[in-house]
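Take 3 as the starting number for the sequence shown in my numbering and just add one per residue.
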Amino acid sequence: MDRDNLLVVQNKLAPISRQAATEGIVLLKNDQAVLPVKQGDNLAIFGRCQLDTYRSGTGSGGAVNVRYSISIIEGLLGNEKVHINEEIARQYREWVKANPFDDGGGGWAAEPWYQEEMLLTDESVERASSQSNKAMFIIGRTAGEDQDNADAPGSYKMTDIEMEMLVKVTRYFDDVIVVMNTTNIMDMSWLVTMENRNAIKAVLYCWAAGMEGGHALADVISGDVSPSGKLTDTIAYDLCDYPSSANFGGTGYNCYAEDVYVGYRYFETFKPNSVQFEFGFGLSYTTFKQELTDFDIAGQGKNAVVRMSIKVTNVGDCYRGKDVVQIYLEAPQGRLGKSARTLVGFKKTSPLEPSESETLHISIPVRDLASYDDSGVTGNKSCYVLEEGNYRFHVGSSVRDTVELLHMYHVSKLLVTEECQEALAPLRPFERIKPKAQAQSVSPYGVEFEPVPTRSVSLHERIESKLPREFEVTGDLGFKLLDVSLGRATMEQFVAQLSLSQLATLVRGEGMCSPKVTPGTAAAFGGVSNELVDFGIPVIAAADGPSGIRMDSGHKATQVPIGTLLGCTWNSDLNEELFYWVGEELRAYQIDTLLGPGVNIHRHPLNGRNFEYFSEDPFITGTLAAAQVKGLKKAGVTGTLKHFAANDQETGRMDVDSVMSERAIREVHIKPFEMAVKSGGATTIMTCYNPVNGHWGASNYDLNTSVLREEWGFKGIVMTDWWAKMNHPSEAGSEDKIHTSYMIRSQNDLYMVVDNDGAASNVAGDDTLQAIEQGTLTLGELQRSAMNICWFILDTPAMKRPVVRYEPVKAIRSFNEYLGNDAVALEALSTLEMSKTTSCVVEVIEGATYQVSALMSYAKPSLAQSSCALSLNDEFCMSLSVHGTEGERISIEGSQMRLEKGFYHLCIDFVKAGATLHELNFSPC
Numbered sequence: 003m004d005r006d007n008l009l010v011v012q013n014k015l016a017p018i019s020r021q022a023a024t025e026g027i028v029l030l031k032n033d034q035a036v037l038p039v040k041q042g043d044n045l046a047i048f049g050r051c052q053l054d055t056y057r058s059g060t061g062s063g064g065a066v067n068v069r070y071s072i073s074i075i076e077g078l079l080g081n082e083k084v085h086i087n088e089e090i091a092r093q094y095r096e097w098v099k100a101n102p103f104d105d106g107g108g109g110w111a112a113e114p115w116y117q118e119e120m121l122l123t124d125e126s127v128e129r130a131s132s133q134s135n136k137a138m139f140i141i142g143r144t145a146g147e148d149q150d151n152a153d154a155p156g157s158y159k160m161t162d163i164e165m166e167m168l169v170k171v172t173r174y175f176d177d178v179i180v181v182m183n184t185t186n187i188m189d190m191s192w193l194v195t196m197e198n199r200n201a202i203k204a205v206l207y208c209w210a211a212g213m214e215g216g217h218a219l220a221d222v223i224s225g226d227v228s229p230s231g232k233l234t235d236t237i238a239y240d241l242c243d244y245p246s247s248a249n250f251g252g253t254g255y256n257c258y259a260e261d262v263y264v265g266y267r268y269f270e271t272f273k274p275n276s277v278q279f280e281f282g283f284g285l286s287y288t289t290f291k292q293e294l295t296d297f298d299i300a301g302q303g304k305n306a307v308v309r310m311s312i313k314v315t316n317v318g319d320c321y322r323g324k325d326v327v328q329i330y331l332e333a334p335q336g337r338l339g340k341s342a343r344t345l346v347g348f349k350k351t352s353p354l355e356p357s358e359s360e361t362l363h364i365s366i367p368v369r370d371l372a373s374y375d376d377s378g379v380t381g382n383k384s385c386y387v388l389e390e391g392n393y394r395f396h397v398g399s400s401v402r403d404t405v406e407l408l409h410m411y412h413v414s415k416l417l418v419t420e421e422c423q424e425a426l427a428p429l430r431p432f433e434r435i436k437p438k439a440q441a442q443s444v445s446p447y448g449v450e451f452e453p454v455p456t457r458s459v460s461l462h463e464r465i466e467s468k469l470p471r472e473f474e475v476t477g478d479l480g481f482k483l484l485d486v487s488l489g490r491a492t493m494e495q496f497v498a499q500l501s502l503s504q505l506a507t508l509v510r511g512e513g514m515c516s517p518k519v520t521p522g523t524a525a526a527f528g529g530v531s532n533e534l535v536d537f538g539i540p541v542i543a544a545a546d547g548p549s550g551i552r553m554d555s556g557h558k559a560t561q562v563p564i565g566t567l568l569g570c571t572w573n574s575d576l577n578e579e580l581f582y583w584v585g586e587e588l589r590a591y592q593i594d595t596l597l598g599p600g601v602n603i604h605r606h607p608l609n610g611r612n613f614e615y616f617s618e619d620p621f622i623t624g625t626l627a628a629a630q631v632k633g634l635k636k637a638g639v640t641g642t643l644k645h646f647a648a649n650d651q652e653t654g655r656m657d658v659d660s661v662m663s664e665r666a667i668r669e670v671h672i673k674p675f676e677m678a679v680k681s682g683g684a685t686t687i688m689t690c691y692n693p694v695n696g697h698w699g700a701s702n703y704d705l706n707t708s709v710l711r712e713e714w715g716f717k718g719i720v721m722t723d724w725w726a727k728m729n730h731p732s733e734a735g736s737e738d739k740i741h742t743s744y745m746i747r748s749q750n751d752l753y754m755v756v757d758n759d760g761a762a763s764n765v766a767g768d769d770t771l772q773a774i775e776q777g778t779l780t781l782g783e784l785q786r787s788a789m790n791i792c793w794f795i796l797d798t799p800a801m802k803r804p805v806v807r808y809e810p811v812k813a814i815r816s817f818n819e820y821l822g823n824d825a826v827a828l829e830a831l832s833t834l835e836m837s838k839t840t841s842c843v844v845e846v847i848e849g850a851t852y853q854v855s856a857l858m859s860y861a862k863p864s865l866a867q868s869s870c871a872l873s874l875n876d877e878f879c880m881s882l883s884v885h886g887t888e889g890e891r892i893s894i895e896g897s898q899m900r901l902e903k904g905f906y907h908l909c910i911d912f913v914k915a916g917a918t919l920h921e922l923n924f925s926p927c
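As structure tokens, then:
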């Protein structure tokens, strides 16, 4: 680790993270210009999240150890334009001290989604109103992995205490500002039903904005920055109005009956009156005027490009600000049926002073206007087509606040823009919605249903007809991996040297917290055995993301805002710059790929993991994902797109089948992945836990080969999610974690993960070699995945690091003398029973290399994760990581380390709490 460079990078990254946080804050209401605060205003701040500010969600997507974190109260106190009621602030400090944050014990997914609030008396609020002219009321929620939100108080809805508090605050204050410090959108219907609602003058979502979130909110509240965030989700009055509600949360399967009509595409087509805050909406402290200055069409046919220039002028007289130009398509209904509006382009301005203008140029390939015909109703089955008619454009600052252009794109005869193959069609029959024309006075369109086309091709024949060539195993010819890069050997010649056992080792990752890579990271892969290292294959480090680098060793990293907030920036350039510096931080920590961005769709507001993803819309999701991948690539590392595909709920996330039409999966659910591959140059993808149309993502041939590699031209690696399951790539059927042969046949290259140092010994007992022997997997298929992995490794920073065998941890200087009388002999450490951080002094009687191992248990399901870090004399040594064992004790292998005779201060730090350490053993090697 380059500590000096790391500090430089982190100091660059923090202010960009702060800027991103300010640009993603969405102002939904600002009556009578109550914001920004004015000179002479005094704010009384209510809600414990002023101190316990949420900076991210829970689980792997948010578990970043930070150097510092700026709470809302700290940010406001640090801004000279903001003056707060110190008496109320003191009451909250004292109450929170007596009622500390409930982290659920610190275990995996144990933290409740909300925290208990301090009860307010009428007397205290009335007194505050005599001291302050404005009130800020903060509502806090988190969410995360392995648990969905609930349509209940304390989750999607306000608690009784929160409502009671808000009613009291609005009773005594005429100007109330509501701040949503949340990871997901919430029920907002109380804004039109609650008592004293007219006192609520301003509402904004500050989301979970990373470690600089308090500063960012203060920037907006003070007026230092005018808000420019725009919603990337529709906020409806009632949860049941979302079209996926009837088919969300199932434990066996969910039929995606809403088809391509997700979010605003549904509401604008079928139920516009159900919308409280529309997609793309967000206020500013100033106002803007948008004017079309140029429109033309370059090229012809399917290669044509619609080009337009929009002049944006700040027509306010006080504040500088940024605006977002949004372009929506209104396509002819034709035979396929289309959304009333579809986002096809957007761009954000630079900061504009009053009266200042900027002209934005936006190009829209005609291909992006096409729809997918999965039934053949247009006469072109398995093709993207433009049906006859006028393709109209609406330009503005939200899906509702638009002007229809006089210019349009006309198609006189149906045009095929891309010929594909039937892939990913469902096995289970069901019906999907489709627009039905009706009187405009009722609604734009009624709802009718049509049967979804089911699979008509033989996957078995498809797979067998495309088996790759086998290369005879030659044994070691002296070629190293670098020789491929230097042109001294082909990749085929290099991989042909590897034995079956070595190939099988190469497709297994190790983790969590492998000692072979940066401490506390999610996985090591590549050169995980000495035999592979001897071929010049380095070990690659992968770290959890996407909101920063997770290291369960206690090492510190920068936590950036959640994906939803970054989506609300509508700023591609800023996302690219932010993740360039995240990439530089990865480089400084010698980590090669970040497990992010998350690009699943916000299909339903209750998905617990929505915070990791950008939006309900595939276009903005794909655009921003591509930008983040580009930024990481500029820094020399990669982003691993996840979770491929349709990982849309946490309830039963390893088993619930996402059943959808081929059109829905292509146009909505994998479209962002396609954009990040084609536009962003993504070279790493993680598959989902769940099955998609009967085939688990990790062994879904059409997903990982037919579409990803053959149609999109993807060149890179595909890895499973951690401890994933697979089923037969053509016959489907039952699933298991040991079916790596199915994974390899589907061209998911890498299984994540087996126990540390267990890849070469096949500690998990997978069936790769057994399948080769039985003829259900070919040598060529295994070699193909090995080549994919090696090609990827050649383009990583690891190739610039020394490729050496894993060595024991270097000796740490001991204390020659110890004056205390409580030293513990090393061999006496074995009997322990601890789950909290502890320390002691140990005495090493005989200098030697010791193998560290532990006996641990964790009373959680298998996907839960916990770890403790060992340090000697304040120097980090290793992490001991365990996933859920349902309470069963299991052996954990640590690192080898050289210890000289003497005394050592041993600290056992439960960085990710939850597990119990029963034994800690140091065995001489």
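Ideal placement from N, C-alpha and C gives every residue a C-beta, glycine not left out.
Nearest to A773 by alpha-carbon distance, out of A16, T742, S311, is T742. Of the candidates I667, I740, N923, D546, I740 places its Cα closest to the Cα of G767. With a beta-carbon spacing of about 5 Å, Y447 and T271 fall inside the 8 Å limit used to define contacts. For a cut-off of 8 Å, the C-beta gap from L865 to H885 is around 7 Å, short enough to register as a contact.
For M754, the secondary structure class from DSSP, reduced to helix, strand or coil, is strand. In terms of CA proximity to G569, N602 leads the group N602, D554, E888, D546. Annotation: A627 to K635 spans about 12 Å, alpha carbon to alpha carbon. In terms of CA proximity to I329, M410 leads the group Y374, F250, D261, M410. Per DSSP, reduced to three states, the secondary structure at H671 is helical. The three-state reading of DSSP puts K159 in strand, counting E and B together. For K914, the beta-bridge partners assigned by DSSP are S869.
The three-state secondary structure of P799, taken from DSSP, is helix.
Separation of R891 and L922 (C-alpha to C-alpha, rounded to the nearest whole angstrom) is 13 Å.
Residue pairing for K350: DSSP places it in a beta bridge opposite V326.
When only Cα atoms are considered, E96 and S73 end up about 16 Å apart.
Between the C-alpha atoms of Q651 and G251 there is a straight-line separation of about 7 Å. Sequence-distant partners of P38 (beyond 5 residues in either direction) whose C-beta falls short of 7 Å from its own C-beta, in its chain, are I223, S224, G225, Y287. For P620, the secondary structure class from DSSP, reduced to helix, strand or coil, is helix.
Y615 and A647 have their C-alpha atoms spaced approximately 13 Å apart. For T185, there is no enclosing alpha helix (DSSP H), as DSSP marks it with neither H nor E. Measuring C-alpha to C-alpha distances from D876 to each of A65, A130, D911, T770 identifies D911 as the nearest. Counting only runs of 3+ residues, the beta strand (DSSP E) found wholly inside the stretch 429-516 occupies 433-439, 447-453, 510-512, in chain order.
Taking D105 as the centre and dropping the five residues before and after it, the same chain places the C-beta of E113 closer than 6 Å to its C-beta, in chain order.
The residue among M493, L505, E845, V98 with its C-alpha nearest the C-alpha of D824 is E845. Judged by pairs of C-beta atoms under 8 Å, the stretch 182-190 touches the stretch 145-160, as three or more such pairs exist. Beta-bridge pairing by DSSP links Y207 to V28, M182.
Non-local C-beta neighbours of I894 in its own chain, meaning closer than 7 Å and more than five positions away in sequence, comprise S855, A856, M858, L882, V884, ordered along the chain. Membership of H730 in the beta strand (DSSP E) is indicated by the continuous run 728-730.
Across the structure, H697 and C690 are spaced so that their CA atoms are roughly 11 Å apart.
For the pair Y116 and G142, the Cα-to-Cα distance works out to about 6 Å. Note on geometry: alpha-carbon atoms of V418 and N392 lie some 16 Å from one another. Counting only residues of its own chain and dropping the five nearest sequence neighbours on each side, G538 has a CB closer than 6 Å to the CB of K482, L483, L484, V805.
Counting along the chain, the unbroken beta strand (DSSP E) around F527 starts and ends at 525-528. For D124, the uninterrupted alpha helix (DSSP H) segment begins and ends at 124-133.
Short of 7 Å from the beta carbon of E260, and not among the five residues preceding or following it, lie these beta carbons of its own chain, in chain order: P245, S246, Y268, I435. Here P102 is exposed. Its C-beta has fewer than 16 other C-beta atoms within 10 Å.
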